[in-house]
Amino acid sequence: MHITSTVGSIGATVAVSKILGLSPTKTTHAIGLAATQVTGLREMFGSYCKSFHVGRSAQNGLLAAVMAEGGYTSSQGALEAKRGWATVVGTNKPDVLQNLDLWLGTENEDGLAGQTLAMEGHSPAQIESVAAQVHLLVLEPAGKKTPKDGLEAKFSVYHSGACGLLLGRVTPSDYEDNIVLEPAVIAIRDRTTAKIDTSIAADSARVTVALEDGEVFTKYVEHAVGSRADPLSDAKLQEKFIDGSVGQTLSSMPKGAPNPYSLPLIEVVTIPSECNNFSSASKHATSRCPPISGDILFRNEFQLYPSFYSSIYNASIVVWDPYSSSIQRVISLPGISHSGLEALDKRLSGTVIDSTNDVLSAVVQADEFFLSGGNDVSGDNFVVKIDLNTFAVKQINLTTTTKGQYGAFIDIDNGLSGDLYVNGGYPSSILHIDCKDKVSPFYVREPTTAPRPFGFGGVVRVGDNLIASDNTNHQLVRFTIYSGNSSPVVIPQTNYHNFSGGGSLTLPHKYGGKVLLMAEDILAKNTTGVSVFNSMDGWETAKFLGFIESMDRKLEPPSVAISQTTAREIGDRIYSSVLFYDNKINPSMAGNRTDFALRDITDSVDSLLQANGFNM
């Protein structure tokens, strides 16, 4: 039997009875009404049926209390009578009856939580191994070492412990599929062992954490939070209820910049490992770092230029800690990275993290197209893959496939199975890189000869579709990945927005995949910013909601050339980045700028959505 079902209904009944102010007699009847509904099989563990037990228990408790309030009766010996609840569900019947007064109540089992190392001044990134000693009743139902999804993670003490060590606490949102696959969680989980210790109680645990420098910490939890010996306070119970009531919408979203679980402003702003650099400012983010809001400022960082969340002119990756406003690491790409003062043709543009294998992928573009308006697309273009555990770099040459006939590769997103899609701008093209790093054309617009019109400025995957910003035809277009027909289909727009300078595309998680952000330059008005679209039918159609002008454009004089490059999610905020063309002699090279910013445009986006009736 599953204790959540066998006891949960009764506990819920007592709670609702207290809320309703029932008399002792009516409360007794309510308990009887709940007890007669009790069931729940442990055979269901590992399936969604276990969650059904929880919901049904709460429902049964509410129903029983309301029925008793309305005059329904039951046996007043429903629990302790010869044929009552305790006799039916209890294996050790005298103990069950003896301890009824201890078990009846609304104290919640919060499980074993990992102890954060922050109080000791250490980071989870320093952990070499974790050893847990637990009771048999912990490993028996929760011994899944490598959960594949959120459902299995609910039965994994390894996953729960990893999240606890990383975040200091564990909430329902930490059992979503994307969190289970996050590299930072997997890294700690893989270093964790759990063994049965017959000397400790079912609600106890001993955890030993060994750091890379040899230091060892041991924490003994005598009673789990939420157990009978350490019950939740009313405030903590309320907090837990609210955490469990928050809707979850992260699981099916494709690309959305950094969000709740990691805050790595990836390429030039990859937030620190102790915050779980799952996806930073990549297209798929999820983060449990401390909240961050307001503009992220880079001061006295010569030639940083964090465009596309990458150090574009240096063709390098910088890990930036926004909490201390400092650089943690610079990742150089062999044969590609260079000084911003060198007249080399390699620049870094679009980036994305694949959280299933902890790999950061970035587009390295040859800049000949930029200076020639697309007439010259020579030069080698690459996609580089960086293993974020070892920082090993793999280079994939795109020009071997394009033969130099088309180029200007700008944006990138993950496919469905470890693959990648990269869009080109002169002319419109999309390359597919499979999981074995084989490059093949997914779509190429003919002719490829000069003069070439500016085509796709960005690409983003949503489900089994790709969306591209088609500047040649001034439309958003959609491709179905597995249709066998790689031809773009125009996404009809309500309140049509005619654009010709559309760039990077993102679908922030916080809006449930229903809001598309497009970086856009409007040359006719000498301005730049972010265009906002939404769709309520899976991007079969779209509605243009409005344009948010860049703050940097407003602050700089008209003579300063600026281009909007992207808008991405970091935590639960949206940040935009621009590119300054400060070098008057060669605009494809860095200038002498030292101060930069990622602008927090969340409030502007939210206001625009609310004005258009979008349910926040």
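Be aware that the sequence shown starts at 3, since it is given in the working numbering, and climbs by one per residue.
Using N, Cα and C, we set each Cβ at its ideal position, and we do this for glycine too.
Small disclaimer: the values here were computed from a predicted structure and weren't measured.
With distances taken Cα to Cα, identify the nearest neighbour of residue i among the options.
| i | options | result |
| --- | --- | --- |
| F456 | S442, K156, N475 and D597 | N475 |
| I432 | H31, F411 and S419 | F411 |
| A189 | H161, Q495 and S328 | H161 |
| I572 | R85, T604, N391 and R447 | T604 |
| Q566 | N594, I550, T530 and L547 | T530 |
| N425 | I388, N473 and P143 | N473 |
| I435 | T404, R447, P453 and F458 | T404 |
| V446 | Q407, I469, S419 and L468 | Q407 |
| G460 | P453, L468 and R454 | L468 |
| A364 | V385, V379 and N377 | V385 |
| S313 | I338, Y325 and P292 | I338 |
| N500 | S506, E522, T508 and G515 | E522 |
| S552 | S606, T543 and N316 | S606 |
| S334 | A127, K348, F444 and G73 | K348 |
| R191 | P126, Y577, S318 and A470 | P126 |
Taking buried to mean at least 16 other C-beta atoms within 10 Å of its own C-beta, is residue i buried or exposed?
| i | result |
| --- | --- |
| V464 | buried |
| P510 | buried |
| T451 | exposed |
| S351 | buried |
| I587 | exposed |
| T568 | buried |
| R555 | buried |
| R85 | exposed |
| A32 | buried |
| P26 | exposed |
| M538 | exposed |
| V562 | exposed |
| Q61 | exposed |
| A226 | buried |
| Q477 | buried |
Please return the same chain residues whose Cβ sits closer than 7 Å to the Cβ of residue i, not counting the five positions on each side in sequence.
| i | result |
| --- | --- |
| Y484 | D466 |
| N2 | Since the first and last residues shown for the chain are 3 and 618, residue 2 lies out of range. |
| S131 | R193 and A212 |
| D382 | A368, N399 and T401 |
| E71 | L22, L24 and K28 |
| R638 | The chain is shown only over 3 to 618; residue 638 falls outside these bounds and no answer can be derived. |
| A83 | S77 |
| L81 | I33, A37, W87, A88 and L102 |
| Q397 | F384 and V386 |
Could you give the DSSP three-state label for residue i: helix, strand or coil?
| i | result |
| --- | --- |
| L335 | coil |
| Q367 | strand |
| D421 | coil |
| H434 | strand |
| M538 | coil |
| Y513 | helix |
| V13 | The residue you asked about is not Val; residue 13 is Gly in the sequence shown. Reduced to three states, the DSSP call for G13 is helix. |
| K221 | strand |
| Y577 | strand |
| I603 | coil |
| P455 | coil |
| N261 | The predicted model places N261 with a pLDDT of 33, which falls under 50 and marks its position as unreliable; any figure quoted below should be read in that light. Note: N261 maps to coil in three-state DSSP. |
| I190 | helix |
| Q2 | This structure does not reach residue 2, given that the chain is present from 3 up to 618, and the question cannot be answered. |
| D472 | strand |
| A80 | coil |
| D297 | coil |
| K405 | coil |
| F481 | strand |
| M520 | strand |
| G34 | helix |
Here's a check: name, in chain order, each residue in its chain whose Cβ is nearer than 6 Å to the Cβ of residue i, leaving out the five neighbours to either side.
| i | result |
| --- | --- |
| G63 | S11, A14, T15, V18 and A36 |
| A155 | P149, H161, Y177 and V182 |
| D574 | K512 |
| A66 | T15, A32, L35 and A36 |
| S309 | T567, S579 and L581 |
| G505 | G459, G460 and A521 |
Residues in the same chain with beta-carbon distance under 8 Å from residue i, minus the five sequence neighbours each way, listed in chain order, please.
| i | result |
| --- | --- |
| S327 | L299, F300 and R301 |
| L610 | V534, L547, G548 and I550 |
| V159 | L114, A134, V136, V140, L141, A144, G145 and A196 |
Report task. Please confirm if the region 72-81 is in contact with the region 26-42, defined as three or more CB-CB distances below 8 Å between the two stretches. Result -> yes
Report task. May I ask you to verify whether the region 355-362 touches the region 176-187, counting CB pairs closer than 8 Å and requiring at least 3? Result -> yes
Requested in this report: Could you say if the region 142-162 and the region 212-226 meet the contact criterion of at least three C-beta pairs nearer than 8 Å?
Outcome: no
Report task. Mind the definition here: the region 412-428 touches the region 485-500 only if three or more C-beta pairs lie below 8 Å; say whether that holds. Result -> no
Requested in this report: Answer yes if the region 588-596 comes into contact with the region 544-562, meaning at least three C-beta pairs across the two stretches below 8 Å, and no otherwise.
Outcome: no
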